[in-house]
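Chemist: Adding 449 to a residue's 1-based position in the sequence shown gives its number in the working numbering. First the structure, then my questions, so here it is.
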Amino acid sequence: MDTRIHDLREAMKEHGIDAALFVSTETRINKNVFYLSGFTGEDGYLLVTQDSVQLFVDGRYPEQAHEEAKKGIDVALVEYPISDFLVKMIQDGCIQSLGLEESILSHSFYKIMSEKLPKTVFKSSDGMCEAMRIIKSQDEIEFIRNSCKVACESFTETLGVVKEGVSERDICAELEYQMKRRGAKKPSFDIIIASGFRAAMAHGVASDKKLKAGEFVVFDWGCFVNNYASDFTRTLIVGEPTPKHIEIYDTVRRAQEAAMGKFKPGTKACDADKVARDIISNAGYEKNFNHSLGHGVGLDIHEKPGASMKTEDEFKAGMICTNEPGIYIEGWGGVRIEDTVLISNEGGVPLANLSKDLIMV
Numbered sequence: 450m451d452t453r454i455h456d457l458r459e460a461m462k463e464h465g466i467d468a469a470l471f472v473s474t475e476t477r478i479n480k481n482v483f484y485l486s487g488f489t490g491e492d493g494y495l496l497v498t499q500d501s502v503q504l505f506v507d508g509r510y511p512e513q514a515h516e517e518a519k520k521g522i523d524v525a526l527v528e529y530p531i532s533d534f535l536v537k538m539i540q541d542g543c544i545q546s547l548g549l550e551e552s553i554l555s556h557s558f559y560k561i562m563s564e565k566l567p568k569t570v571f572k573s574s575d576g577m578c579e580a581m582r583i584i585k586s587q588d589e590i591e592f593i594r595n596s597c598k599v600a601c602e603s604f605t606e607t608l609g610v611v612k613e614g615v616s617e618r619d620i621c622a623e624l625e626y627q628m629k630r631r632g633a634k635k636p637s638f639d640i641i642i643a644s645g646f647r648a649a650m651a652h653g654v655a656s657d658k659k660l661k662a663g664e665f666v667v668f669d670w671g672c673f674v675n676n677y678a679s680d681f682t683r684t685l686i687v688g689e690p691t692p693k694h695i696e697i698y699d700t701v702r703r704a705q706e707a708a709m710g711k712f713k714p715g716t717k718a719c720d721a722d723k724v725a726r727d728i729i730s731n732a733g734y735e736k737n738f739n740h741s742l743g744h745g746v747g748l749d750i751h752e753k754p755g756a757s758m759k760t761e762d763e764f765k766a767g768m769i770c771t772n773e774p775g776i777y778i779e780g781w782g783g784v785r786i787e788d789t790v791l792i793s794n795e796g797g798v799p800l801a802n803l804s805k806d807l808i809m810v
């Protein structure tokens, strides 16, 4: 049986769970269903016990489920309401305790299940899969590396249209097109193209604003390739930079490169954050770095490990985390530099070789 299912079953034993149910719907896609089963459809119900793994799908997905499901997983076509089918399966299997992901399931689904299974003990399985997903396999690392390659090649190609007078939205459309033509399924989040005063918005998605000379332009982008995400940020300048532009950019770059030295096994994530934050604070911009240093990347664009002032967890080999310090000055602009980084025994390894030099367009 797949090692992921084996590891999940061990975790279920530790938590006293007879069966664990993982639910993915069109409105709340659950990457744990794919992680455990290989099924990429938007609607799927995965029931894992110590003896079996069953994937239940509706009439849209039986062929896809049979094609994608890993060996040892039984695929079944079910009719609505699926809750009745699941209840029968749980009753027939004499399941006394059922693990549910409370943070993912809707309240209405939980209410239906609990009312129809009054003798079943419901336990939280939140975090079980996430704890397994935090250390990437070699295959996963290569998938993410390829996603990074697609993202960075697309960015480089897009630079050809970046110039004064072009709108953020048009640049965004070009970048998305370049990623998709290289095999990306979609951007891994709403692409951020923020110029001038909008560059002070950490999450300033592209607008109709046109680029002007003397402005920073923050690009924050990534894509899903083979179901795995990537995440990068680079900051450009339209025209010639002023001394202030150079000073702020160099400060962020020094902070990012210094923090990279802490992306190694045994280092607390908060210590990496502190290294970057201290450099920015000592330069006089303590109040202008208003987010954490980074976050994990994998099947989801934001997952464990986090890297913030409060993250006491230690980095371990095989983790993948972003390194993205920034300085944001309201009404003026901002700078962020970000890489997707593999934690290895040799230290932090950016998963793409993308220059950090200030690009002038």
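Ideal placement from N, C-alpha and C gives every residue a C-beta, glycine not left out.
1) When you compare each of Ala718, Ile729 and Ala662 to glycine 755 by their alpha carbons, which one comes out closest?
2) Just confirm the distance between the C-beta atoms of threonine 771 and valine 790, as a whole number of angstroms; I'd bet it's less than 8 Å.
3) Would a C-beta distance cut-off of 8 Å place lysine 723 and glycine 796 closer than the cut-off?
4) Mapping the DSSP letters down to three states, classify threonine 771 as helix, strand or coil.
5) Going by DSSP, what residue range makes up the alpha helix (DSSP H) through histidine 744?
6) Does the beta-carbon distance from threonine 474 to glycine 542 come in below 8 Å?
7) Under the assumption that alanine 651 contacts glycine 775 (Cβ atoms under 8 Å), give the Cβ distance between them as a whole number of angstroms.
8) Any idea which residues DSSP pairs valine 670 with across the strands?
9) Cβ atoms of cysteine 672 and proline 636: under 8 Å apart, would you say?
10) Classify leucine 549: buried if its beta carbon has 16 or more other beta carbons within 10 angstroms, exposed otherwise.
11) Provide the residue span of the beta strand (DSSP E) that contains arginine 785, from first to last.
12) Out of Asp500, Ala518 and Arg458, which has the shortest C-alpha to C-alpha gap to valine 482?
13) For threonine 605 and isoleucine 620, I'd like the C-alpha separation in whole angstroms.
14) So, isoleucine 561 versus valine 502, is the Cβ gap smaller than 8 Å?
15) Just confirm the distance between the C-beta atoms of aspartate 657 and arginine 618, as a whole number of angstroms; I'd bet it's less than 8 Å.
16) Does the Cβ-Cβ distance between valine 667 and alanine 643 come in under 8 Å?
17) Between which two residues does the alpha helix (DSSP H) holding tyrosine 494 run?
18) Do the region 726 to 733 and the region 458 to 470 touch if we need at least three Cβ pairs shorter than 8 Å?
19) Taking 8 Å as the threshold (C-beta atoms), are tyrosine 484 and phenylalanine 594 in contact?
20) Can you have a look at glycine 653 and say buried or exposed, based on whether 16 or more other CB atoms are within 10 angstroms of its CB?
21) Expressed to the nearest angstrom, what Euclidean distance is found between the alpha-carbon atoms of aspartate 816 and alanine 622?
22) Return yes when the Cβ of glutamate 763 is within less than 8 Å of the Cβ of aspartate 680, no when it is not.
23) Can you tell me the Cβ-Cβ gap for isoleucine 640 and glutamate 625, rounded? I've got them flagged as a contact below 8 Å.
24) Considering only C-alpha positions, which residue in the set Phe571, Glu528 and Glu689 is nearest to tyrosine 510?
25) Just mark methionine 758 as buried or exposed, buried being the case when its beta carbon has 16 or more other beta carbons within 10 Å.
26) To the nearest angstrom, report how far apart valine 536 and phenylalanine 558 are at their CA atoms.
27) Check this for me: beta carbons of tyrosine 734 and threonine 682, under 8 Å apart or not?
28) Just how far apart, CA to CA, sit histidine 744 and histidine 556?
29) Assuming isoleucine 792 is part of the beta strand (DSSP E), what are its boundary residues?
Modeler: Result, derived from the coordinates:
1) Ala718
2) 7 Å
3) no
4) strand
5) Element bounds for histidine 744: not the alpha helix (DSSP H) but the beta strand (DSSP E), 743 to 745.
6) no
7) Confirmed, Cβ separation roughly 7 Å.
8) The sequence as given places tryptophan at residue 670; valine does not occur at that position. Partner(s): Phe681.
9) yes
10) buried
11) Residues 782 to 785.
12) Ala518
13) 12 Å
14) no
15) 6 Å
16) Judged by beta-carbon spacing, alanine 643 lies within the 8 Å limit of valine 667, meaning their Cβ atoms are closer than that value.
17) Per DSSP, tyrosine 494 belongs to no alpha helix (DSSP H); it is in the beta strand (DSSP E), 493 to 498.
18) no
19) This sequence places arginine at residue 594; phenylalanine is not what is there. No. Outside cutoff.
20) buried
21) The structure shown does not extend to residue 816, since the chain is modelled only from 450 to 810, so the question has no answer here.
22) no
23) 6 Å
24) Glu528
25) exposed
26) 12 Å
27) no
28) One C-alpha to the other measures close to 28 Å.
29) 788 to 793
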